[in-house]
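Chemist: This is the structure I want to talk about, given as structure tokens.
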Amino acid sequence: MKTRKTEDLGIPPDKGGILTMNMDTVRGLIYGLTWPAGNLFRFNVATREMQDLGPFTGKGENGKGKEFRVICRSIAVNHNDGTIYLTNAEGDIKQLKLGQGRVETIEDEDMRKDYFGTYEIYTSGSMAYNWRQVLWHQPENKIYGVHGNSGYLFRFDPAVPRLEVLERLTSIPSKLSGMGDQFSYGYLGFELGPDGRTIFYLTGAPIYIDGKRLKGAQSTAKGEAKGLEDLHLITYDVNTGLYLDHGAVFYPDGQRPLYVNSIAIGKDGTVYSMGRVNRNGKVVTDLFSIPAPVKTII
Numbered sequence: 000m001k002t003r004k005t006e007d008l009g010i011p012p013d014k015g016g017i018l019t020m021n022m023d024t025v026r027g028l029i030y031g032l033t034w035p036a037g038n039l040f041r042f043n044v045a046t047r048e049m050q051d052l053g054p055f056t057g058k059g060e061n062g063k064g065k066e067f068r069v070i071c072r073s074i075a076v077n078h079n080d081g082t083i084y085l086t087n088a089e090g091d092i093k094q095l096k097l098g099q100g101r102v103e104t105i106e107d108e109d110m111r112k113d114y115f116g117t118y119e120i121y122t123s124g125s126m127a128y129n130w131r132q133v134l135w136h137q138p139e140n141k142i143y144g145v146h147g148n149s150g151y152l153f154r155f156d157p158a159v160p161r162l163e164v165l166e167r168l169t170s171i172p173s174k175l176s177g178m179g180d181q182f183s184y185g186y187l188g189f190e191l192g193p194d195g196r197t198i199f200y201l202t203g204a205p206i207y208i209d210g211k212r213l214k215g216a217q218s219t220a221k222g223e224a225k226g227l228e229d230l231h232l233i234t235y236d237v238n239t240g241l242y243l244d245h246g247a248v249f250y251p252d253g254q255r256p257l258y259v260n261s262i263a264i265g266k267d268g269t270v271y272s273m274g275r276v277n278r279n280g281k282v283v284t285d286l287f288s289i290p291a292p293v294k295t296i297i
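Using numbering that gives the first Met the number 0, the letters of the sequence shown map in sequence onto residues 0 to 297.
Given below as structure tokens:
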């Protein structure tokens, strides 16, 4: 950030794109999943050593028919011992311990919860039983995450292991409608604020015209918005369980930010993201910010 220089660290062993990535910043190790094959890799920043850990989820999104498996979009890192956690379409919670080359399935707990819904694991157009986005909460040594299609917030304690479903983290209009949101994979804009206790989440909300809910397509075969929706900012305090919907977000000219699937939180609580906007008849993606919705406790 200081030099403004970008350094090329190479490409994954299978020459695919990098779909999912996180870093063990304590040990300088980058972990990632490739697309479309879904191969897992580990990269040592100091030595530049790249390790190919092989297929993580069958043939991944390269698979045809019943060999298709949607790839996990988020990896959690335990910075204490270097273990990483991720899921597959079947709903298994996997772990890779520091220095090991083989992924293990965590026994006695999984993502197959009634509240999350029921899925055909080989069908595209959803994240199936995968978690959508997760983060490691250092004070508790637990993982907080959201299941994409249902919008449920959960907490996972790998030491037990135990997964607890805490709250439907969708917007209030979505809760009242009883329906899922329009983006078929759910939303990635899920992050912990600078106070270490407030989760910020950007999610969808139904639009009503003359009192009627604007409906989208019933299904899709890929990750996309099935229809038009509002963008809402949600916060959740992990210490108190306080859920707040801060309402719909609009650009100054009244347009809705569309295809929002990222988030960054400034030290002052300002929320940053990227969204589509129609500018002079051309749809572009640009950075936008939302003033701090809550007073963070530091």
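Glycine residues also receive a C-beta, built at the ideal position from the N, C-alpha and C atoms.
Taking residue 77 as the reference, which of 220, 142, 113, 272 has the closest Cα?
Modeler: When each option's Cα is compared against that of residue 77, the closest is 142.
Chemist: Just tell me which of 24, 253, 73, 115 has its CA closest to the CA of residue 32.
Modeler: When only C-alpha atoms are compared, the closest one is 73.
Chemist: Taking 8 Å as the threshold, find out whether the region 96 to 108 comes into contact with the region 119 to 138 through three or more Cβ pairs.
Modeler: These segments do not touch.
Chemist: Are the CB atoms of residue 22 and residue 28 within a distance shorter than 8 Å?
Modeler: Contact flag set, yes.
Chemist: Please go through the same chain and pick out, in chain order, the residues whose beta-carbon is closer than 7 Å to the beta-carbon of residue 214, but skip the five residues on each side of it.
Modeler: The answer, listed in chain order, is 226.
Chemist: Just mark residue 10 as buried or exposed, buried being the case when its beta carbon has 16 or more other beta carbons within 10 Å.
Modeler: Under this definition residue 10 is an exposed residue.
Chemist: For the alpha helix (DSSP H) that residue 176 lies in, which residues bound it at each end?
Modeler: That run of the alpha helix (DSSP H) goes 171 to 176.
Chemist: Taking the alpha-carbon positions, what's the residue 217 to residue 183 distance?
Modeler: Rounded to whole angstroms, residue 217 to residue 183 spans 10 Å at the Cα level.
Chemist: Determine the DSSP secondary structure at residue 283, reduced to helix, strand or coil.
Modeler: Three-state result, residue 283: strand.
Chemist: Mind checking which residues open and close the beta strand (DSSP E) that includes residue 166?
Modeler: Counting along the chain, the beta strand (DSSP E) containing residue 166 begins and ends at 161 to 167.
Chemist: CB-CB under 6 Å to residue 61, same chain, minus the five flanking residues each way: which ones, in chain order?
Modeler: Here the set comprises 35, 36.
Chemist: Taking only the alpha-carbon atoms, compute the straight-line gap between residue 197 and residue 132 and give it to the nearest angstrom.
Modeler: Rounded to the nearest angstrom, the two C-alpha atoms are 15 Å apart.
Chemist: Residues in the same chain with beta-carbon distance under 6 Å from residue 81, minus the five sequence neighbours each way, listed in chain order, please.
Modeler: For residue 81, where only same-chain residues beyond five positions count, the Cβ hits under 6 Å are 23, 26, 97.
Chemist: My assumption, with CB atoms under 8 Å, is that residue 134 sits in contact with residue 75. Please give the rounded CB distance.
Modeler: Contact holds; Cβ gap of about 7 Å.
Chemist: So, for residue 111: in the same chain, excluding its five sequence neighbours on each side, which residues have a beta-carbon less than 7 Å away from its beta-carbon?
Modeler: Here the set comprises 90, 128.
Chemist: I want to see whether chain B comes within less than 8 Å of residue 8, judged by CB atoms only; does it?
Modeler: Judged by its chain identifiers, the structure shown contains no chain B, having just a single protein chain.
Chemist: So if DSSP puts residue 276 in a beta bridge, which residue, or which two residues, is it bridged to?
Modeler: Answer is 283.
Chemist: Contact between the region 43 to 52 and the region 63 to 71: three or more CB pairs below 8 Å?
Modeler: Too few Cβ pairs lie closer than 8 Å, so no.
Chemist: Pull up the CB-CB distance for residue 268 and residue 192, whole angstroms please, since I reckon it's below 8 Å.
Modeler: Contact flag correct, Cβ pair sits at about 6 Å.
Chemist: At which residues does the beta strand (DSSP E) containing residue 257 begin and terminate?
Modeler: Segment: none, residue 257 is in no beta strand (DSSP E) and carries neither H nor E.
Chemist: Whole angstroms are fine: how far does the CA of residue 209 sit from the CA of residue 252?
Modeler: About 22 Å.
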